[in-house]
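Residue numbers (UniProt numbering), protein chains in the order written: chain Y, 1 to 542; chain S, 1 to 542.
Written as structure tokens, this is what we have:
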């Protein structure tokens, strides 16, 4: 595999992904494995319009498939006149299309939601968006090659999936989804099957050798390791098309979602992402002194559906009044500098905006320091903006509440009066931030969520990750660390959750850790754990 | 003209529109003339999915042009190979397309914004949306007839305008705008030139004989009395394309907008409308008793850009938690009942939603009566929702803050304990509602806005509308009633503002009344009035 960095990170040793070289600066959100990560927010924004591949966030449900370019095949079937199987070389030989596209995670800023109330997913911070230059073949080109049938002939959706048996969920273990045929076939939607990211073949974590890129959509629909394309009259029936990437209404709990089957309600699917923004500067714990001059507040913003970001604003009075920031449009610049004349012309007239913007505003330091909080929000071209409050939903999806820093008085190292900025929380297991996790607010809720583990009865014994790993390797049972506590899960797990791996995330909710586990284990462990059946052996040593 | 009702409304007598028969139930928002109106909210919602033409809101900038079907011509020119002039009969002879489309006013619910702070526009209530079945020819059909040039050949926009010299603004006095060529030419955007509304030729107020319908867009771009279509490489340069239908940022006042020319910033144009909703039941002043059983809360919701409304919700706790309402999708039903097989198939697969929905939820009366307020909000398919607070802007556009009723204890007529519901405010000059107008909160601001008329120095003399009208008819001068005060405007108006008409709106801001006036009078009156130069003669008798 192409090297993103020089060597394999120590944390990947002993996992099925030990062959992939990953940047050690990435913050791991679900322990060591499977690999789900985002970069520090400041690194992401400071890298500029195009995100270096090595710090592009990653969402893996399981181990990364080891695929060889020459062995890979892409099947196109269903409502096409000439079903075909393509080699990668055949795909590359078709006319190519290259363009910058922002790749947004539907779970971006889920940690804030999890702080409000525990949900089903792990704790993304605010750096699960990234922008790459993707190169590939238009999906429409491939489908036309195969004689795609018209809508009149029944071809209404295009379904995609990765390798079978990749994951222990769904009927064939593949990750898949679908899009409407209009989106697939109309050129100004720019849907491509990408084999290059930022000028190089895809990295294994990003779908080598082929992934679909659907500009404007959430990343969860941009299937990696793409193997199978089928034109159908109905939406995909893939497990992940229904049981992931949905915003269920506020009142729907995990239990109700399953019992009343909210998953198949077509209204709650996420495709194009809502309007998003976050603040990069000041960063968490940064100190500003109330001296003369200005401080440059900075951040990013993005909207799905090709909608332009038209306003980025900050507020120093809890959202009562807002001041306009300057917007830097990297996408327009990219087309000017790198686009062919045709691409430049198309960019001007296609009316679609596929990329994030960076924004900045110079504020008087004295004014900034005189405030209690600093917020940002953005607006899309249809004048939708971000709400002031989190709209909690059980999957913790699409949190686009106005991003909010608190400002506190402090002293600088030299004893001067200063003010430090506190972000709401930090990605994954990192402590810090002004949001108070639910368990600190509601000990009763914590008690219930720990499944009957009375916090007063947790043994004081401490175990290190190494000790737990050693036990497991010696097959003395299957112990897992969940939310800082160590449990003997032997009664419900007959093998170690991915071999040699200990779930050691820490973080604030146990649900975070389960999200990365294959389904059968997840169910077993969650149910038993919730029932207080797993013996608690002690605490995790940090 | 086709009769909407049996006779001309008395209020139209003596105005240039005295030949048009209008429904007397319509609430006039800018006095008698020009005609700007909306129906009572309950009538609008109770009429169901399709709004009867006679209660469809109307926005007229001036008098309605008297056009004869056989005389009307539509010119198509610019970047087309065969410029042409069409008669109405020729347009009707082309293949037709008929479909239901919701027609939303960008100023819907502006009165709430005006209550927060006076803006530039008059006070729409929450009934400036309506849905009709429109029939016409696809714009793409007409343009193809004329050999429209491709984008590569420079054809990027389609400009439209109504009759020249219709209005005293802009270089030719026409009302016009433009749309992107993709929107015009792609069939699934359904842009049509409509000559029928709800099965009959257009009414004069709605653009007889031809208007453009751009599904998803605000009504302000759906040019009436359409005369001229031009394919261009640039956006329309029409006055109204820039100086109307914009959302300027919060901090931009009318003065800054002009001085710094915010009007030509391409980011602030309104095309597709943001997500909207309002509550019809309980209506203003309705009383509910806290007895057993449920009360059905009802309303409408709509989103632009073809986006589906996926959630309608109500909150009884100031927006902290929300409960899902049931959605009735009239559009899907319409296609089932009235669509051809082709239309039905297209509706299923086009992925566009052009119509509002009606929603309802049965709430326990006791729970409803136990709350302090009742709010609603809706969500679009990209998971954008309505903010809790008004994002004030100088034109008072696109107010989509969550619609909010206050609940107060009272007694029913029979002496029982009951609770009455208070809407934020009522359309146009109607008094009532919990929102406190700015002038009651800030007497200083009022003093400034009254242009130097010291409230303590207003004569106690009272005049009725009839008395003022009589004076004006006898040519004793030109008196006008503005915001409850009577002024002698003879020094700035050399004729009565539209003959025989007294501006008698009352309402909460004088700006309301001026918005509907032709420009020269508006400027003269506003400037003089602001300078405190108009002699104040007394108060308007109610």
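Just so it is clear, CB atoms sit at the ideal spot from N, CA and C, and this is done for glycine as well.
Burial state of residue i (16 or more Cβ within 10 Å)
{"i": "residue 25(S)", "result": "exposed"}
{"i": "residue 299(S)", "result": "buried"}
{"i": "residue 153(S)", "result": "exposed"}
{"i": "residue 3(Y)", "result": "Residue placement at residue 3(Y) is flagged as unreliable, the pLDDT there being 48, under the threshold of 50; the coordinate-derived value follows with that caveat. Residue 3(Y) should be labelled exposed."}
{"i": "residue 396(S)", "result": "buried"}
Neighbour flag for residue i against chain S, beta carbons, 8 Å
{"i": "residue 390(Y)", "result": "no"}
{"i": "residue 322(Y)", "result": "yes"}
{"i": "residue 249(Y)", "result": "yes"}
{"i": "residue 121(Y)", "result": "no"}
{"i": "residue 306(Y)", "result": "no"}
{"i": "residue 180(Y)", "result": "yes"}
{"i": "residue 273(Y)", "result": "yes"}
{"i": "residue 138(Y)", "result": "no"}
{"i": "residue 10(Y)", "result": "no"}
{"i": "residue 536(Y)", "result": "no"}
Residue i to residue j span [Cα, whole Å]
{"i": "residue 163(Y)", "j": "residue 177(Y)", "result": "13 Å"}
{"i": "residue 461(Y)", "j": "residue 291(S)", "result": "58 Å"}
{"i": "residue 169(Y)", "j": "residue 204(Y)", "result": "21 Å"}
{"i": "residue 173(S)", "j": "residue 401(Y)", "result": "44 Å"}
{"i": "residue 109(Y)", "j": "residue 324(S)", "result": "24 Å"}
{"i": "residue 312(S)", "j": "residue 14(S)", "result": "45 Å"}
{"i": "residue 334(S)", "j": "residue 125(Y)", "result": "44 Å"}
{"i": "residue 341(Y)", "j": "residue 99(Y)", "result": "13 Å"}
{"i": "residue 250(S)", "j": "residue 239(Y)", "result": "45 Å"}
{"i": "residue 221(S)", "j": "residue 269(S)", "result": "11 Å"}
{"i": "residue 379(Y)", "j": "residue 358(S)", "result": "27 Å"}
{"i": "residue 265(Y)", "j": "residue 248(Y)", "result": "9 Å"}
{"i": "residue 509(S)", "j": "residue 111(S)", "result": "Unreliable positioning characterises residue 509(S) in this predicted model, as indicated by a pLDDT of 30, which lies under 50. A coordinate reading is not provided."}
{"i": "residue 106(Y)", "j": "residue 217(S)", "result": "27 Å"}
{"i": "residue 242(S)", "j": "residue 166(Y)", "result": "55 Å"}
{"i": "residue 255(S)", "j": "residue 364(S)", "result": "50 Å"}
{"i": "residue 85(S)", "j": "residue 246(S)", "result": "32 Å"}
{"i": "residue 189(S)", "j": "residue 352(S)", "result": "8 Å"}
{"i": "residue 131(Y)", "j": "residue 197(Y)", "result": "10 Å"}
{"i": "residue 147(S)", "j": "residue 225(S)", "result": "24 Å"}
{"i": "residue 485(S)", "j": "residue 114(S)", "result": "19 Å"}
{"i": "residue 304(S)", "j": "residue 317(Y)", "result": "31 Å"}
Closer than 8 Å to chain Y by CB, residue i
{"i": "residue 384(S)", "result": "yes"}
{"i": "residue 236(S)", "result": "no"}
{"i": "residue 268(S)", "result": "yes"}
{"i": "residue 361(S)", "result": "no"}
{"i": "residue 311(S)", "result": "yes"}
{"i": "residue 60(S)", "result": "no"}
Bridge partners - residue i, DSSP secondary structure assignment
{"i": "residue 396(Y)", "result": "Residue 396(Y) is not bridged to any residue."}
{"i": "residue 295(S)", "result": "363(S)"}
{"i": "residue 272(S)", "result": "217(S)"}
{"i": "residue 75(S)", "result": "85(S) and 228(S)"}
{"i": "residue 488(Y)", "result": "479(Y)"}
{"i": "residue 194(Y)", "result": "136(Y) and 211(Y)"}
{"i": "residue 420(S)", "result": "287(S) and 408(S)"}
{"i": "residue 327(Y)", "result": "359(Y)"}
{"i": "residue 122(Y)", "result": "Answer is none; residue 122(Y) lacks a bridge partner."}
{"i": "residue 129(S)", "result": "104(S)"}
{"i": "residue 303(S)", "result": "According to DSSP, residue 303(S) bridges with nothing at all."}
{"i": "residue 97(S)", "result": "136(S)"}
Which of the residues in the stretch 397-416 of chain Y, read from start to end, lie with their CB under 7 Å from any CB of chain S?
The residues in question are 398.
Residues, ordered as in the chain, of the stretch 80-101 of chain Y that lie near chain S by beta-carbon distance below 9 Å:
none
Interface positions of the stretch 317-349 of chain S facing chain Y (Cβ-Cβ less than 9 Å), listed along the chain
319, 320, 321, 322, 323, 324, 327, 342, 345, 346, 348 and 349
Against chain Y, which members of the stretch 203-220 of chain S pass a CB distance test of less than 8 Å?
none
For the stretch 147-160 of chain Y, list every residue whose C-beta sits within 8 Å of some C-beta in chain S, in sequence order.
151, 152 and 156
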